[in-house]
Amino acid sequence: MKYKNIQLKDVADIVMGQSPKSVFYNTNGNGIPFLQGVRTFGENYPQIDTWTTSYNRKAKSGEILFSVRAPVGRVNWANQDLAVGRGLAALKIKSSYSKEYLYYLFKKIGGQLDSLATGTVFTSINKKELEALELKIPVNLSDQEKIADYLQKFDQEIELNNQINDNLVELVDSYFINFLNNVTTVEKTIEDIGTVVGGGTPSKKIAAYWNGDIAWVTPKDLSQHPLIFTSSGENYITGLGLAKGSAKLLPTNTILFSSRAPIGYISIAKNNLATNQGFKSVIPNKEYSFQFIYELLKHETAAIKNEANGSTFKEISGKKLKQHIINIPNSEDTSKFNEITKPIFKQLRKLEEENEKLLAIKKELLEKYF
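Numbering (this note's numbering), first residue to last: 19 to 388.
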C-alpha cells in the first residue's frame, strides 16, 4: 500500500467555530443544538444538552468535529446540523478522500497535537496551524475506504452493545420505580443499608505511593468512561500509598458515588479498588444487593444534591449521606427485586466487557494502519 504526505487544507474545508452570546443559550431545545467544546463528546457522537437561538458558525451532519482548544485533537461526528463554538472546528472532507479514514486517523493522532498548540490561558491550535497539519494517507481512495470499513465494523458492534445496554438500563430503572410504588416501605437511612466510605489522595510528592497495583478512581475517570461497572481509573497506587493515606480499599460490588464536582456519578466496583476524596462510596450490607443500592442511589441523587453544601462547588458530606432518609421495602420484597434484576446486571457487565475487548482490538488496528 502506497502512502503520501499531504496537508489538511488539501483534504478538507475548515470552519472555525465562533460562540454566540450566552443570552441565546438554552437547555429546553429552542433553536439549533450547540457545542462549545468537547465537554459532551462521546466515543464517536456528542450528547446535546445546550441549544442556541442565534449562531455564527455551523457544522453540517456528517462533518468531523475537531477540538481546537484543550484537549486539542479530539474528534466526534456531527450526527446532525449544529452550531459550533470557539472550542471546535468543523471539517468538511473533500469527495476525493475518505472522511471515515480521516476520522480514524485523527482518532489515532489527535492526542499528539498538543505539541502544535499555542497559547497560555487555553492550549489551542489556530486555523493556519490546522491547515498546515501534515497527514500521511494511502494514495488510493479504495485503500482508505477498505481500512475505514474494517474499523467501522468494530464501532458498529460497540454501538449495538451500547444500545442494548441503554435499553436494559431503561428497563431496570423503570422496574425499580414501579417496584417501589407497589410495595410497603419503611423509613431508614443510607447507613442502615450499607457502610459509607470516603476516599483520599496519597501524596504525589512520594513516588513510592504511586504506580502500584491498586486501582485508584476519581470522578474524572467516571466522567471520561461512564460505565455501569468500573475496574480502574487512569492511575494506580501502591499498598504503601494506601496505608499512609486516607484512601480505603473497597471490595467488589461497592457502589461508587461521587460526592462533589459533580455529585452523582455512580458506578459499581468490578473488583477491589480505591478512590480519591471525591467519593462517598457505599459498601452494601449483606441483606441488600449491589443492584438494589445502585438503583436506589440513582433514584435518590436529586434529593441528595439538595442536601449538599457549598457556594461554588456543591458537596455532600459523609455524615449527611449516612443520614439521608430513604424508603426501603422489607427483605422479602428486596429479594424478589434482586432475583429479577441479577441476570440483567450480569448481561450489562458482559456487554461492557465485550466492548472493552473490541476497543482494545480497535486500538491495535489504529496502531497498525496509522
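Even glycine gets a Cβ: it sits at the ideal position worked out from N, Cα and C.
**Item:** Own chain residues within Cβ distance below 6 Å of LYS375, not counting five before or after
**Value:** Here residue 375 refers to the residue found at position 357 of the sequence shown. For LYS375, where only same-chain residues beyond five positions count, there are no Cβ hits under 6 Å.
**Nearest neighbour of THR270, chosen from THR293, ILE301, ILE255 and ASP231 [CA to CA]** = Residue numbering aside, residue 270 sits at position 252 when the sequence shown is read from its first letter. If we check each option's Cα against that of THR270, ILE301 comes out closest.
**Item:** Nearest-angstrom Cα separation, counted from SER114 out to VAL29
**Value:** If you number the sequence shown from 1, residue 29 lands on position 11. If you number the sequence shown from 1, residue 114 lands on position 96. Cα to Cα, the separation comes out at about 8 Å.
**Request:** Starting from THR359, trace the alpha helix (DSSP H) both ways and give me its first and last residue.
**Result:** Numbered from 1 along the sequence shown, position 341 holds the residue referred to as residue 359. Unbroken alpha helix (DSSP H) run through THR359: 349-387.
**Residue burial classification, SER241 (beta-carbon count within 10 angstroms, cutoff 16)** = To locate residue 241, count along the sequence shown from 1; it is residue 223. Under this definition SER241 is an exposed residue.
**Asked** Comparing alpha-carbon positions, which option in ASN179, LYS386, VAL56 and ASN290 lies nearest LEU368?
**Response** Counting from one through the sequence shown, the residue named residue 368 turns up at place 350. The question names Leu, yet the displayed sequence has Lys at residue 368. The option with the nearest alpha carbon to LYS368 is ASN179.
**Request:** With LEU83 as the anchor, note down where its beta strand (DSSP E) starts and where it stops.
**Result:** Taking the first residue of the sequence shown as position 1, residue 83 is located at position 65. First-last of the beta strand (DSSP E) with LEU83: 82-85.
**Request:** Tell me the start and end of each unbroken alpha helix (DSSP H) in the region 187-237 that is at least 4 residues and wholly inside, in chain order.
**Result:** 208-211
**Prompt:** In this structure, what does DSSP give as the bridge partners for THR272?
**Reply:** The residue you call residue 272 lines up with position 254 of the sequence shown. According to DSSP, which records beta bridges pairwise, THR272 is partnered with nothing at all.
**Prompt:** Can you tell which of ASP173, LYS146 and ILE24 has its C-alpha closest to the C-alpha of LYS125?
**Reply:** In the sequence shown, the residue the question calls residue 125 occupies position 107. Among ASP173, LYS146 and ILE24, the Cα nearest to that of LYS125 is on ASP173.
**Prompt:** For GLN181, is the classification buried or exposed, using 16 other Cβ atoms within 10 angstroms of its Cβ as the cut-off for buried?
**Reply:** The count along the sequence shown starts at 1 and reaches residue 181 at position 163. Flag for GLN181 reads exposed.
**Request:** Output yes or no for whether 9 Å exceeds the beta carbon distance between LYS364 and THR207.
**Result:** Working through the sequence shown from its first residue, we reach residue 364 at position 346. Working through the sequence shown from its first residue, we reach residue 207 at position 189. No, the Cβ-Cβ distance between LYS364 and THR207 is not below 9 Å.
**Request:** Return helix, strand or coil for THR70, following the three-state DSSP convention.
**Result:** Start at 1 with the first residue of the sequence shown, and residue 70 comes out as number 52. Looking at THR70 - three-state DSSP - the assignment turns out to be strand.
**Asked** Can you tell which of ASN345, GLY282 and LEU260 has the C-alpha that lies nearest to the C-alpha of ASP210?
**Response** Here residue 210 refers to the residue found at position 192 when the sequence shown is read from its first residue. It is ASN345.
**Asked** Just reading off the alpha helix (DSSP H) that TYR122 is part of, what are its end residues?
**Response** Stepping through the sequence shown from its first residue, residue 122 is reached at position 104. Note, TYR122: alpha helix (DSSP H), 117-127.
**Asked** Residue range of the beta strand (DSSP E) that ASP31 falls in?
**Response** Counting from one through the sequence shown, the residue named residue 31 turns up at place 13. Where ASP31 is concerned, the enclosing beta strand (DSSP E) stretches over 30-34.
**Request:** Inspect the CB distances between the region 290-297 and the region 315-323 and report whether three or more fall short of 8 Å.
**Result:** no
**Which listed residue (LEU383, PRO220, TYR193 and LYS381) has its alpha carbon closest to that of HIS317** = Start at 1 with the first residue of the sequence shown, and residue 317 comes out as number 299. Of LEU383, PRO220, TYR193 and LYS381, the residue nearest in Cα terms is TYR193.
**Request:** Would you mind sorting TYR283 into buried or exposed? The rule is 16 or more other CB atoms within 10 Å of its CB.
**Result:** Counting from one through the sequence shown, the residue named residue 283 turns up at place 265. Classification for TYR283: buried.
**Prompt:** Is SER79 closer than 9 Å to ALA107 when the C-beta atoms are compared?
**Reply:** Walking along the sequence shown from the start, residue 107 turns up at place 89. Walking along the sequence shown from the start, residue 79 turns up at place 61. In this structure, SER79 does not lie closer than 9 Å to ALA107 by Cβ.
**Message:** Please report the distance separating the alpha-carbon of LEU314 from that of LEU274.
**Reply:** Sequence index remark: in the sequence shown, residue 314 carries index 296 (1-based). Sequence index remark: in the sequence shown, residue 274 carries index 256 (1-based). Taking the straight line from one Cα to the other gives about 13 Å.
**Strand pairing of LYS22, partner residues [DSSP]** = Here residue 22 refers to the residue found at position 4 of the sequence shown. LYS22 pairs with ILE155.
**Asked** What does a CB cutoff of less than 7 Å around LYS260 pick up in its chain, not counting 5 residues either side in sequence?
**Response** Locating residue 260 in the sequence shown gives position 242, counting from the first residue. Note that residue 260 is Leu in the sequence shown here, rather than Lys. Excluding positions up to five away in sequence, the list reads ILE232, LEU267 and ALA292.
**Prompt:** Since ILE9 is in the beta strand (DSSP E), which residue starts that stretch and which ends it?
**Reply:** Any answer about residue 9 is impossible in this case: the structure gives the chain only from 19 up to 388.
**Request:** Please work out which residues of its chain come closer than 8 Å, Cβ to Cβ, to ASN48, disregarding the five sequence neighbours upstream and downstream, and give them in chain order.
**Result:** For this step, residue 48 is matched to residue 30 along the sequence shown. Same-chain partners within the cutoff: TRP69 and THR71.
**Item:** Cβ shell of GLY103 (< 6 Å), same chain only, five flanking positions each side left out
**Value:** Here residue 103 corresponds to residue number 85 of the sequence shown, with the count starting at 1. Same-chain partners within the cutoff: GLY35, SER37 and GLN54.
**Item:** Buried versus exposed, by CB contacts within 10 Å (16 or more), ASN373
**Value:** As a position in the sequence shown, residue 373 is number 355, starting the count at 1. ASN373 comes out buried.
**Message:** Within 10 Å of its beta-carbon, does PHE59 have 16 or more other beta-carbons around it, so buried, or fewer, so exposed?
**Reply:** The residue labelled residue 59 in the question sits at position 41 within the sequence shown. Buried, by the Cβ-count rule.
**Request:** Report the option in SER349, THR330 and GLU149 whose CA atom is closest to the CA atom of LYS304.
**Result:** Counting from 1 along the sequence shown, the entry for residue 304 is found at position 286. It is SER349 whose Cα lies nearest to the Cα of LYS304.
**Item:** Rounded distance between the beta-carbons of GLY328 and VAL214, thought under 8 Å
**Value:** As a working note, residue 214 is residue 196 in the sequence shown. As a working note, residue 328 is residue 310 in the sequence shown. Incorrect: roughly 19 Å between the Cβ atoms, too far for contact.
**Buried or exposed by the 16-neighbour rule on C-beta atoms within 10 Å, applied to ASP239** = For the purposes of this step, residue 239 is identified with residue 221 of the sequence shown, where counting begins at 1. Buried, by the Cβ-count rule.
**Asked** Can you name the residues that DSSP bridges to LYS110?
**Response** Looking up residue 110 in the sequence shown gives position 92. ASP31, per the DSSP bridge assignment.
**Beta-carbon spacing of ASN294, THR236 below 9 Å** = Taking the sequence shown and counting its residues from 1, the one referred to as residue 294 is at position 276. Taking the sequence shown and counting its residues from 1, the one referred to as residue 236 is at position 218. Yes; because the gap between Cβ atoms is below 9 Å, this pair is in contact.
**GLU313, DSSP secondary structure in three states** = What you label residue 313 is simply residue 295 of the sequence shown in a count that begins at 1. Helix at GLU313.
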